[in-house]
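Numbered as in my numbering, the sequence shown ends at 320 without a single skipped number.
No residue lacks a Cβ here, since even glycine has one placed at the ideal position from N, Cα and C.
If you're wondering where the values come from, they're calculated on a predicted model, not measured in any experiment.
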Amino acid sequence: MTSSSKNPEIRTDPVLNRSVIISPARARRPSDFKSKSPANPNSSSNPNPSCPFCIGHEHECAPEIFRIPQNTSDWKIRVIENLYPALSRDPKLLERGETHDWGVKGFGFHDVVIETPVHSVVLSDLSASGVGDVILAYKERILQLSRNEGIKYVQVFKNHGASAGASMSHSHSQIMGLPIVPPSVQGRLNNMKDYFNRTGKCCLCQNQPDEILINESNHFISIVPFAASFPFEIWVIPRDHVSHFHELDNEKAKDLGELLKLMLQKLSQQLNDPPFNFMIHTAPLEVSAPQLPYSHWFLQIVPQLSGIGGFEMGSGCYINPIFPEDAAKVLREVNLLM
């Protein structure tokens, strides 16, 4: 049965507590979803003479935090400060503990992970091991930020393509260390707690129906969530119950790198290299023992195939024109030409 022959459904996601209208009347065939504007504007030149992220242009960037490998000009990954940070790393803001009626002063960290020295290479072009190295760079920076007592939450995210928020075409991702636990993060934990209190189980540890499964590896599974807010949205979930992303070891990082590469390749081939965002949803740096049984990290990938409108902004309820089961089937069947 295709999407167009199904009746609409309203589904609720227990993790994000978001209602989604699955509305096949608004859909085309699942195979017809294609990005109208591919995200990769990179030229074949390397280095790009105007790109500060390219090898040989390191002096044009904000200060470097670390590189992989260390102490070599022939680097593969660089983690640097953001030249235009959203937060100030000035410790005086933290020392003064300045607040006002609506919040705290904007202390925090905003970093950039340059994923490759080659301008024309995107994350999914790297080897599985290379993507795993990027994941390990995320882990190392989170561990560094966790040693600062003023940081409560660390958000890792990637914007691919200008319409997804990327201001630089050179492949990169970002890390922000925040002095607060954002309300959406606390809300996610509360939702998972409610599910745990009702069922005695973690909602992400549940066996996922075969209909929404895309692929699986030794340590992770990838699914289109049952109440996906966006067409072809993907979650990559650890098989083991783990609260913090930065607890993964080298073996699991490489395994995640392989599955993440596969998911990005499938999206690119099926959807004409769409702009996308991915976000790592992890637990706050400090969690209490009672929170551990229901907090479970995961990685969310959202292809930017259509914008949200007034209904979504006003109601907080999303409309998805393709049933997640159909999207998962299409992605399972994508035949990659390796």
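Counting only the same chain and skipping the five closest in sequence on each side, list residues whose C-beta sits under 7 Å from that of residue i.
i: arginine -7; result: Val2, Ile4, Phe208 and Ala209
i: alanine 148; result: Asn141 and His142
Between which residues of its own chain and residue i is the CB-CB distance below 6 Å, once the five residues before and five after are set aside?
i: leucine 313; result: Ile196 and Lys248
i: proline 45; result: Glu63
i: serine 25; result: Bear in mind that the predicted position of serine 25 carries a pLDDT of just 48, short of 50, making it unreliable; the figure below should be weighed with that in mind. Once the five neighbours on either side are set aside, serine 25 has no close Cβ partner at all.
i: asparagine 30; result: Cys36 and His101
i: leucine 76; result: Phe89 and Gly132
i: alanine 110; result: Gly239, Glu240 and Lys243
Could you pull the start and end residues of the alpha helix (DSSP H) that residue i belongs to?
i: methionine 295; result: 292 to 297
i: methionine 245; result: 232 to 253
i: glutamate 122; result: 110 to 128
i: phenylalanine 48; result: Run containing phenylalanine 48: none in the alpha helix (DSSP H); it sits in the beta strand (DSSP E), 46 to 50.
i: asparagine 173; result: 165 to 181
Look up residue i in the DSSP assignment and give the residues it is bridged to.
i: tyrosine 276; result: Tyrosine 276 pairs with nothing; no bridge assigned.
i: proline -6; result: A small fix is needed here, since residue -6 is threonine in this sequence, not proline. The partner list for threonine -6 (beta bridge, DSSP) reads Ser1.
i: glutamate 63; result: Asp93
i: lysine 140; result: Phe260
i: glutamine 282; result: Trp217 and Met261
i: glutamate 307; result: In DSSP, glutamate 307 forms no bridge with anything.
i: phenylalanine 202; result: Pro220
i: tyrosine 135; result: Leu160
i: histidine 152; result: DSSP lists no partner for histidine 152.
i: aspartate 70; result: What sits at residue 70 in the sequence shown is serine, not aspartate. Answer is Phe89.
For residue i, which residues in the same chain have their Cβ closer than 8 Å to its Cβ, ignoring the five residues on either side in sequence?
i: lysine 121; result: Phe227, His228, Leu230 and Ala235
i: proline 285; result: Ser17, Phe212, Pro213, Phe214, Glu215, Leu249, Leu253, Pro256, Pro257 and Phe258
i: arginine 0; result: Thr(-6), Ala209, Ser211, Gly298, Cys299 and Tyr300
i: proline -10; result: Ile3, Ile4, Ser5, Pro6 and Ala7
Looking at the secondary structure, which residues open and close the beta strand (DSSP E) in which residue i lies?
i: asparagine 302; result: 300 to 302
Q) Hey, is the segment 120 to 136 in contact with the segment 51 to 60, meaning 3+ C-beta pairs nearer than 8 Å? A) When C-beta atoms of the segment 120 to 136 are compared with those of the segment 51 to 60, fewer than three pairs fall below 8 Å, so the two segments do not count as touching.
Q) Counting Cβ pairs, one atom from each stretch, are 3 or more of them under 8 Å apart for the segment 182 to 198 and the segment 276 to 287? A) Yes, the segment 182 to 198 touches the segment 276 to 287.
Q. How about the segment 261 to 271 and the segment 158 to 177: do they share at least three Cβ pairs that are nearer than 8 Å?
A. By the Cβ rule, the segment 261 to 271 counts as touching the segment 158 to 177, because three or more pairs are nearer than 8 Å.
Q. Can you find at least 3 beta carbon pairs, one from the segment 189 to 205 and one from the segment 145 to 163, that sit closer than 8 Å?
A. Taking 8 Å as the limit for Cβ pairs, the verdict is that the segment 145 to 163 does not touch the segment 189 to 205.
Q) Contact between the segment 215 to 227 and the segment 87 to 101: three or more CB pairs below 8 Å? A) Inter-segment contact for the segment 215 to 227 and the segment 87 to 101 is absent: fewer than three beta-carbon pairs are separated by less than 8 Å.
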